[in-house]
Amino acid sequence: MLVVSSTLELARQLIDELERGPAPSSAVRDPAAEPRTILYHRVQWSGLSRYLGVVQKRLVTQNMLEQGNSPEDAAKEISVFLGLLDHLGRLESENRFAADRYEVDLRFIP
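Each residue of the sequence shown is one higher than the one before, starting from 2 at the first, in my numbering.
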């Protein structure tokens, strides 16, 4: 289980609540009947690669200045990086909001 919090105090409160477990309920809840808001996101790494390809000259220059590479080595390094982005696939996330919980599904698709 992973707990993410903006403060240490909130993290401790969340852990205490998780250890306590669900509150006893007299009524059986139907999860399908609960109102939910769903947000869906998709990130295609090849799209980022195409954008960076547009500013490739700037990246080569930056690589030369920061790494001290020759123009040929800098161009090769940037090309390898862009090729890697092209082969990473995509990241999909689905966020569901209910009255008493927040669910996130992340999928890495090659």
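Beta carbons are placed, not taken as given, at the ideal position from N, Cα and C, and that holds for glycine.
Here the structure is a predicted model, which is why all the values come from computation and not from measurement.
- Residue pairing for His42: DSSP places it in a beta bridge opposite Ser94.
- The beta carbon of Met65 sits closer than 8 Å to those of Ser71, Pro72, Ala75, all from its chain and outside the five residues before and after it, given in chain order.
- For Leu107, the three-state secondary structure derived from DSSP is strand.
- Collapsing the DSSP output to three states places Asp17 in a helix.
- The beta carbon of Ala12 lies closer than 6 Å to those of Val4, Ser6 in the same chain, with the five residues before and after it left out.
- Ranked by Cα distance from Thr62, the options Pro111, Tyr103, Arg51, Glu78 are led by Glu78.
- The C-alpha of Ala99 is placed about 15 Å away from the C-alpha of Pro23.
- Between Gln45 and Arg108 a beta carbon distance of about 13 Å is seen, past the 8 Å cut, so the two are scored as non-contacting.
- Assignment of Pro23 by DSSP, reduced to helix, strand and coil, places it in the coil class.
- Going by DSSP, Arg59 is part of the alpha helix (DSSP H) stretching over 57-68.
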